[in-house]
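Below: the structure, in structure tokens.
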Amino acid sequence: MFKIITKRSLAANVNEYVIEAAAVAHNARPGQFIILRVDEDGERVPFTICDTNKIIGTVTILVQTLGATTEKLARLQAGDSIANFVGPLGNATDLEGYSNVLLIAGGIGSAVIFPQAKNLFGIGKPVDVILGARNKELVMYKREFMSYAKNLYVMTDDGSDGEKGFVTQKLKSLLEEGNKYDMVMAVGPLVMMRAVCAVTKEFGIPTTVSMNSIMVDGTGMCGGCRLTVGGETKYACVDGPEFDGHLVDFDEAISRSSFYKEKEQAHLCRLRGLEANK
Amino acid sequence: MTINKGPRIKTPEQNADARRHNFDEVNKGYTAQMAMEEAARCLHCKDAKCVKGCPVNVNIPDFIAEVAKGNFAEGAKIIKSTNNLPAICGRVCPQEEQCEKYCIRAKSGGPVAIGALERFCADYALQNGETQEAPKRSNGMRVAVVGSGPAGLTCAADCAKEGFEVTVFEAFHKAGGVLVYGIPEFRLPKSLVQAEIDKLKELGVKIIFDTVIGKTYSLEELCSEYNAVFLGTGAGLPMFLKMKGENLPGVYSANEYLTRINLMKAYQKDSDTPVITGERVVVIGGGNVAMDAARTALRMGAKEVTIVYRRSMNELPARKEEVQNAIEEGIQFLLLNNPIEILGEKKVEGIKLQKMVLGEPDERGRAIPMCVEGSEYEVKCDMVIVAIGTSPNPLLPKSTKNLKTTPKGTIVINEDGETSIEYVYAGGDAVMGAATVILAMGAGKKAAESICKKLLR
Ligand SMILES: Cc1cc2nc3c(=O)[nH]c(=O)nc-3n(C[C@H](O)[C@H](O)[C@H](O)COP(=O)(O)OP(=O)(O)OC[C@H]3O[C@@H](n4cnc5c(N)ncnc54)[C@H](O)[C@@H]3O)c2cc1C
Ligand SMILES: Cc1cc2nc3c(=O)[nH]c(=O)nc-3n(C[C@H](O)[C@H](O)[C@H](O)COP(=O)(O)OP(=O)(O)OC[C@H]3O[C@@H](n4cnc5c(N)ncnc54)[C@H](O)[C@@H]3O)c2cc1C
Ligand code: SF4
Ligand code: SF4
Ligand code: FES
Chain A
347 MFKIITKRSL AANVNEYVIE AAAVAHNARP GQFIILRVDE DGERVPFTIC DTNKIIGTVT
407 ILVQTLGATT EKLARLQAGD SIANFVGPLG NATDLEGYSN VLLIAGGIGS AVIFPQAKNL
467 FGIGKPVDVI LGARNKELVM YKREFMSYAK NLYVMTDDGS DGEKGFVTQK LKSLLEEGNK
527 YDMVMAVGPL VMMRAVCAVT KEFGIPTTVS MNSIMVDGTG MCGGCRLTVG GETKYACVDG
587 PEFDGHLVDF DEAISRSSFY KEKEQAHLCR LRGLEANK
Chain B
2 MTINKGPRIK TPEQNADARR HNFDEVNKGY TAQMAMEEAA RCLHCKDAKC VKGCPVNVNI
62 PDFIAEVAKG NFAEGAKIIK STNNLPAICG RVCPQEEQCE KYCIRAKSGG PVAIGALERF
122 CADYALQNGE TQEAPKRSNG MRVAVVGSGP AGLTCAADCA KEGFEVTVFE AFHKAGGVLV
182 YGIPEFRLPK SLVQAEIDKL KELGVKIIFD TVIGKTYSLE ELCSEYNAVF LGTGAGLPMF
242 LKMKGENLPG VYSANEYLTR INLMKAYQKD SDTPVITGER VVVIGGGNVA MDAARTALRM
302 GAKEVTIVYR RSMNELPARK EEVQNAIEEG IQFLLLNNPI EILGEKKVEG IKLQKMVLGE
362 PDERGRAIPM CVEGSEYEVK CDMVIVAIGT SPNPLLPKST KNLKTTPKGT IVINEDGETS
422 IEYVYAGGDA VMGAATVILA MGAGKKAAES ICKKLLR
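Just so you know, the sequences run in chain order A and B.
Mapped onto my numbering, the consecutive letters of the first sequence carry residue numbers 347 to 624.
Mapped onto my numbering, the consecutive letters of the second sequence carry residue numbers 2 to 458.
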């Protein structure tokens, strides 16, 4: 069992959990992820390692409540335990060789770019960050990013925080103003990553995206997380999760990720219905 | 003792119409009476050929002699002296290719049902509470076992009996490897696998789950903490055909499909793990894995399940019993057919097949299938399961310097089972490529012997 040390609400439906998992923390590097099961009957679901404390042996994850598993997790409190927590999985992302990086996050994507921002700050290469969200309540880790980013731009759909508009609008204007980046890393919903890649391609800037494919084992054993990159089949769990965004077949990824939507929704309704009947 | 001259006694099975809707075990096994009668068919040959067909040399004539006398516990003990997991082997060994293939009674009523008798003894012992020998006094040395499939479990048990302190590291949240995530409940009840694992714990073996060696800890880290390491990581990487449409939603590898259903319990109605239920399912491949996937799809509620295989019935690599069972349950076979494309816009809608004919035999003596030009046609389906084989997972070798592998990705070992790194042993599917449970166990046993020889000299 893996104990939840602290739980903190970051935004509507987003929680940060600090979990006691010394073995995972021990070799974890930015860009890697874990797979957890909430209880003995739970589904295996992946989350990015947002931060670690190797001395006390904890791993921090940011989780958006979406369906049955994340709902079950959200019902737990500090002091409770979850059944399984395996990692670090996937490859670490190495942005250290670039001198001027722009990180873009949509929604929960903050979880993925935060360790990158922190790491690059640590080696004296602070980054620019664009955070996108539907509204003010959904902007995550703003304060944390402020202490690590060179410039932080917030974009909301309704203008309730930062500027009104999409992250791609900010990206475009930054590039048009003559800002030079030698690498863009974009993490968020598939459609957002696809839109970012379309812009950076036009400007000829290499772009890394993090693919949140549907996973089971996370070790290359099921092939469920496969996607097409540059015409080749790749496994997000062992070949990724990060890929060259200009080579990813986003349309295929979008249809694969929505595959279980109906089943998941029905399950969530049952879960909520069961509670309501109690 | 009088010899039973009659034909082989069939094991009772769940009726095909009933079983295609449930996950209960198909083969119900002998009753005590039946077991004794079948055992009486054995001639107790002096130079028993059957034993040579068994990869772990179970003393077949002696154990069967005890069964014939009704001494089932004694029979189990004899089997156990060379086979740690008889309840499992009795069920899943390809006996017709191994022990039973060489039985002298093959021509007079059929070979003695060695597998069924082995299963009977093992089940009897499990139900009647057997005692296992206490391990030898601790020798103060530690062995790490990576992977908890049959290879790892056997190596762990044998090392623990010799007084080593053994820790098994498993990537999944459950022990058993393919026995729990691959082979379905209706062929191998998971409670049996759990019973074997509980016995391992009695021997003092520690199992640490959720640990991927090569990620959570490196092999180098294990080597610095343990006197010897055994790699039983299996051959879990699914192969695909690299054809158009293979990444469409609705195409599963057999591994993913079976894992979702077996390990992640998607066969239970309210499971957290989703899996789609195809109405018309096509399974590509002809081995045990294809049969298991097809029979599972049927039990999940498919209306029609078709196996597509590019050779003919004679070349089907699956066990005869499984093929027979599949046919009885109503699985269709499209033989001499090869898939060339999976069709569909947003999800699977059909599959394009091509007719094949058999040509000259290849170096293994199997006829090479050749495609018939212009014979393409389309079949409607809403789910495709690809079961054309697996290869070893490169995760551990890739993250380990100096661990030699072949171009096929299998780990290289010497005659002692030792890899290119001293004190690191390997065996099972990780070394042989996808093989069998009993061969994996044999390899685990062999490595345990080598570890003892090297460390306890
Ligand atoms: C490498 C990786 C890193 C991720 N990091 C984070 C993170 O840091 N924070 C976060 O909130 N989310 C992250 N996700 C997404 C997260 O795994 C899903 O939101 C979660 O599985 C939803 O589960 P659910 O049962 O609550 O919702 P469901 O109702 O099951 O599903 C909602 C949606 O989540 C996706 N999903 C469902 N099951 C899986 C699965 N087994 N694997 C992957 N996606 C699935 C599907 O697109 C689905 O439509 C990551 C995914 C991957 C692959
Ligand atoms: C569907 C199916 C049906 C089959 N039917 C039969 C049959 O009827 N008869 C028969 O004899 N054989 C059958 N087989 C084959 C048989 O199951 C295998 O040959 C056998 O299980 C191999 O054993 P193993 O111990 O080498 O590996 P596995 O059983 O594959 O176990 C390997 C274990 O190692 C773990 N692992 C892998 N990498 C790591 C890592 N880096 N760190 C930690 N843990 C790791 C895996 O999670 C797994 O639990 C079947 C196989 C399948 C898939
Ligand atoms: S272990 Fe397998 S091959 Fe050996 S005797 Fe038993 S069933 Fe036959
Ligand atoms: S070959 Fe057949 S008859 Fe002879 S000992 Fe073996 S099982 Fe018995
Ligand atoms: S999650 Fe199974 S292969 Fe990637």
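All C-beta atoms, glycine included, are put in the ideal place defined by N, C-alpha and C.
- In the DSSP assignment, tyrosine 253 of chain B falls within the unbroken beta strand (DSSP E) covering 252-254.
- In this structure, arginine 300 of chain B places its C-beta atom within 9 Å of the C-beta atom of phenylalanine 187 of chain B.
- Residue range 596-603 is occupied by the alpha helix (DSSP H) that includes phenylalanine 596 of chain A.
- When CB distances to chain A are screened at a threshold of 8 Å, the residues of the region 341-371 of chain B falling below it are Lys347, Lys348, in chain order.
- One thing to note: proline 376 of chain A has its Cβ within 9 Å of the Cβ of alanine 438 of chain A.
- A distance below 6 Å between beta-carbons, with the five flanking residues on each side excluded, links leucine 223 of chain B to the following residues of its chain, in chain order: Ala145, Val230.
- Per DSSP, the unbroken alpha helix (DSSP H) holding tyrosine 494 of chain A starts and ends at 488-494.
- The residue from B:Ala388, B:Gln128, B:Gly279 with its alpha-carbon nearest to that of glycine 251 of chain B is B:Gly279.
- Collapsing the DSSP output to three states places tyrosine 227 of chain B in coil.
- Positions of the beta strand (DSSP E) runs, each at least 3 residues long and wholly inside the region 256-316 of chain B, are given as 281-285, 305-310 in order along the chain.
- Within the same chain, Leu449, Val473, Val475, Phe491, Tyr494, Ala495 come within 7 Å of alanine 463 of chain A by CB-CB distance, once the 5 residues on both sides are set aside.
- Inclusion of glutamine 99 of chain B in the 8 Å shell around ligand 3 follows from its C-beta lying nearer than that to a non-hydrogen atom of the ligand.
- Chain A has no Cβ within less than 9 Å of the Cβ of lysine 191 of chain B.
- Nearest to isoleucine 389 of chain B by alpha-carbon distance, out of B:Lys356, B:Glu26, B:Met240, is B:Met240.
- Only residues of its own chain outside the window of five on either side were considered, and among them Lys200, Glu203, Leu204 have a CB closer than 8 Å to the CB of glutamine 133 of chain B, listed in chain order.
- Between ligand 4 and isoleucine 61 of chain B, a heavy atom-to-CB distance of less than 8 Å is present.
- DSSP, reduced to helix, strand and coil, places alanine 157 of chain B within a helical segment of the structure shown.
- For the region 426-454 of chain A, residues whose beta-carbon sits nearer than 8 Å to a beta-carbon of chain B comprise Ala429, Asn430, Phe431, Val432, Gly433, Pro434, Leu435.
- In the three-state reduction of the DSSP assignment, valine 349 of chain B falls in the coil class.
- Contact of glycine 251 of chain B with chain A is assigned, a C-beta pair being separated by under 9 Å.
- The residue among A:Asp426, A:Phe431, A:Gly403 with its C-alpha nearest the C-alpha of isoleucine 209 of chain B is A:Phe431.
- If you look at valine 385 of chain B, you'll find it in the beta strand (DSSP E) that goes 384-387.
- Within chain B, no residue has its CB atom less than 7 Å from the CB of asparagine 399 of chain A, the nearest being about 17 Å off.
- Cβ contact annotation for lysine 580 of chain A (same chain, cutoff 8 Å, sequence separation greater than five): Arg572, Leu573, Thr574, Gly586, Phe589, in chain order.
- When DSSP states are grouped into helix, strand and coil, proline 392 of chain A belongs to the strand group.
- At least one heavy atom of ligand 3 lies less than 8 Å from the C-beta of asparagine 84 of chain B.
- Between serine 559 of chain A and the set A:Leu517, A:Ser604, A:Leu593, A:Ile551, the nearest pair of CA atoms involves A:Ser604.
- In the DSSP annotation of this structure, the continuous segment of the beta strand (DSSP E) that includes methionine 529 of chain A starts and ends at 529-533.
- At a Cβ-Cβ threshold of 9 Å, isoleucine 214 of chain B and phenylalanine 170 of chain B count as neighbours.
- For asparagine 338 of chain B, the secondary structure class from DSSP, reduced to helix, strand or coil, is strand.
- Neighbourhood of asparagine 140 of chain B in chain A, by CB distance below 9 Å: empty, with the nearest CB roughly 27 Å away.
- CA-CA distance, glycine 76 of chain B to valine 68 of chain B, rounds to 6 Å.
- Take the alpha-carbon of leucine 335 of chain B and the one of proline 370 of chain B: they are about 14 Å apart.
- In the displayed model, threonine 212 of chain B falls within coil according to three-state DSSP, outside both helix and strand.
- For valine 562 of chain A, the shortest C-beta to heavy atom distance toward ligand 5 is below 8 Å.
- According to the DSSP assignment, proline 434 of chain A belongs to the beta strand (DSSP E) that extends over 430-435.
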